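Visitor:
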Amino acid sequence: MDATVEAALEGHSHVKLSGCDIDGIPRGKLVKMSKFSKAKDGLGFCNVVFAWDSHDVVYSSRDVAMADEKTGYPDIIAVPDLSSFRVVPYERNLPLFLVDFVDPRTSLPLPMCPRSLLKRIVQRGVTDLGVTAKIGIEYEFFNFKETPESLSEKGGSNLQKLTPGMFGYSVTRPLLNADYFHGVLDACNIMKIPLEGYHTETGPGVYEAAIEYSDPLSLCDNAHLFKTVVKSIGIQSGIMPTFMAKPHNNLPGCSGHIHVSISAEGIGNLFDSENAKQWPKYAETPESPKDQNIPHTSRVLEWFLAGVLEGLPSIMCIFAPTINSYKRLVENYWAPVTVSYGVENRTTAIRLITPPTCPPAATRLEIRVPGADANPYLCVAAILACGFDGISKRLPLPMPPAEVVQTQPGGRESEVRLARSLKDAYEEMDKADSVARRVLGDEFVNHYVGTRKHEWRAWATAVTSWEVARYFEVV
């Protein structure tokens, strides 16, 4: 253990261990320091964290093998990542470590562990292609003057918004709740979660934070912890933030846009056309022209982009993992609904950010489909897996960049409409020949699809307030 970490642990009786479940929810516990110091190979953790849903309802064993009660719900092993150490300032500087989940029978990473899946895909890029990635994430989230108790009493309706009206990029509105707004920023600074930007977004009580770009694992750790920080500071401030994709039917939803670029050691960003020419393995040559004449971009960018576009329909239920996710993905709210891309086009599924908007070294893709409700580890793993597949196969782009996305019948992009529901999305992923199965593996896909089937069934059998209000009296 690093000497700095050892020194930081002195005087503490316990440490907090936290892992990420399939829904992106942190699941953890406090462990006595004496036990933690002896557990070099990990500690037992009930496997039910991957056998139940976001409300602790166990999945059906017909959908998820781990949910079969005949197994007795044995322990899996939670292995602390010592490099993830930080202190939690709003919990008396409690030491925190993130964990990876391992199958004790094989000593291999659990296939459905989101953090382990991302590590596997990142290593694939290094081993197969000799590339690494830089990732950034932006989160939008609504805030309400509520508590868990008042939320329950109100049944989620008529919630008091943190601030009224639409006031994006306001320099004064944060002052109305300065302890909360700056409390989040201060905690993030202490916990080494760098925020590149932080401001009000258009909408009543909406904030947006851009988490500074980094390597995939560090970025996803920061994104995962950022949500926890916001919710924790909120609870202490009498405020409830929500990262659900669409809290209001008549307002824009909450996005979780992901920025990505690919680099090679000693060369830099391979999405930049000049850098790509120096990459021996896939150097751009006159004999290998680009598919589309997009200025300031490389053939490597096109291959990566083509891979993501090809895989997009089959990884849709990772980007949009809940019933509510698809309420955000509707026309006319700047939310992408088609398999499409464009240069500096915020109406497409993927936006290319190129010079002169940015320096050549910052050339990148912005994946605009994910909502703030999506699991960052799974999203980034899926994007990289599809993109690496595109580079490996030198996939051509299926269409030119969109000028204006058409979503009405007969429009070019309307012919490849993304899934309109969670059911449509998981059925696409579940196909025997899906891109998701090829790049993420059957074990993960089988588990993940099973969890989404459970979510869909829970919705399909629910009687909602909308149904009561609409039908109670008149039918």
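Heads up: the sequence shown begins at 652 in our numbering, then just goes up one per residue.
Note that CB positions come from ideal geometry on N, CA and C, so glycine has one too.
Predicted model only: the values in this text are computed from it and were never measured.
#1: Which whole runs of the alpha helix (DSSP H) in the segment 872–945 are 4 residues long or more, in chain order?
#2: Just to confirm the assignment, what range does the alpha helix (DSSP H) spanning E847 have?
#3: As a quick exercise: from F793, V1031 and R1071, pick the residue whose alpha carbon is nearest that of P964.
#4: Curious, which full-length beta strand (DSSP E) runs of at least 3 residues does the segment 683–709 contain?
#5: From E800 to M967, what distance separates their C-alpha atoms?
#6: When DSSP labels each residue in this structure, what does S865 get in the three-state scheme?
#7: Would you call C1030 buried or exposed, if buried means 16 or more other Cβ atoms sit within 10 Å of its Cβ?
#8: Using the C-alpha atoms, what's the distance from P855 back to S821?
#9: Would L747 and S664 be called neighbours here (beta carbons separated by less than 8 angstroms)?
#10: Is the distance from the Cβ of Q811 to the Cβ of E797 below 8 angstroms?
#11: Have a look at A658 and G693 and give me their C-alpha separation to the nearest angstrom.
#12: According to DSSP, simplified to helix, strand and coil, what is F1039?
#13: In three-state DSSP terms, what is G962?
#14: Please list, in chain order, all residues of the same chain as T879 whose beta carbon is under 7 angstroms from its beta carbon, the five residues on each side excluded.
#15: Is it the case that the Cβ atoms of T783 and D866 are separated by a distance below 8 angstroms?
#16: Hey, quick one: how far does the beta strand (DSSP E) through S669 stretch, first residue to last?
#17: Just the Cα atoms here: how many angstroms apart are V959 and A716?
#18: Rounded to whole angstroms, what is the Cα-Cα separation between D779 and L769?
#19: Just mark R737 as buried or exposed, buried being the case when its beta carbon has 16 or more other beta carbons within 10 Å.
#20: Should V881 be labelled buried (16 or more other beta-carbon atoms within 10 Å of its own) or exposed?
#21: Less than 7 angstroms between C-beta atoms, sequence neighbours within five positions excluded: which residues of the same chain meet that for C871?
#22: Have a look at the DSSP bridge pairing and note the partners of T989.
#23: Tell me the DSSP bridge mates of P760?
#24: In terms of residues, what are the limits of the alpha helix (DSSP H) holding A659?
#25: Do you know whose CA, among I884, V911, H947 and Q943, lies nearest K928's CA?
#26: Leaving aside the five residues before and after A986 along the sequence, list all residues of the same chain whose C-beta is less than 7 angstroms from its C-beta, in chain order.
#27: Since A838 contacts Y741 with CB under 8 angstroms, what's their CB separation in whole angstroms?
#28: Indicate whether the contact test is met: 3 or more Cβ pairs, each with one atom in the segment 1030–1049 and one in the segment 949–959, closer than 8 angstroms.
#29: Here's the rule I'm using: 16 or more other beta-carbon atoms within 10 Å means buried, otherwise exposed. How should S767 be labelled?
#30: Starting from the C-beta of V682, find all residues in its chain whose C-beta is less than 7 angstroms away, skip the five residues before and the five after it, and write them out in chain order.
#31: Over the uninterrupted alpha helix (DSSP H) stretch that includes D837, give me the two end residues.
#32: What does the alpha-carbon distance come out to for the pair W703 and P760?
#33: Tell me, please, which residues DSSP counts as bridged to T1115.
#34: For the beta strand (DSSP E) holding E789, just list the boundary residues, first then last.
#35: Under DSSP, the beta strand (DSSP E) around E1017 begins and ends at which residues?
#36: Give the straight-line distance between the Cα atoms of H910 and Y1122, rounded to the nearest whole angstrom.
Guide: According to the structure shown:
#1: 924–927
#2: Not the alpha helix (DSSP H): E847 falls in the beta strand (DSSP E), residues L846 to T851.
#3: R1071
#4: 694–697
#5: 34 angstroms
#6: strand
#7: buried
#8: 12 angstroms
#9: no
#10: yes
#11: 21 angstroms
#12: helix
#13: helix
#14: P677
#15: yes
#16: H665 to C671
#17: 29 angstroms
#18: 15 angstroms
#19: buried
#20: buried
#21: L769, P1027, Y1028 and V1031
#22: R1068
#23: V753
#24: A654 to L660
#25: H947
#26: G904, R979 and L980
#27: 6 angstroms
#28: yes
#29: buried
#30: H665, V666, L668 and L694
#31: A829 to I841
#32: 19 angstroms
#33: None; T1115 has no bridge partner.
#34: T783 to F795
#35: R1015 to I1018
#36: 44 angstroms
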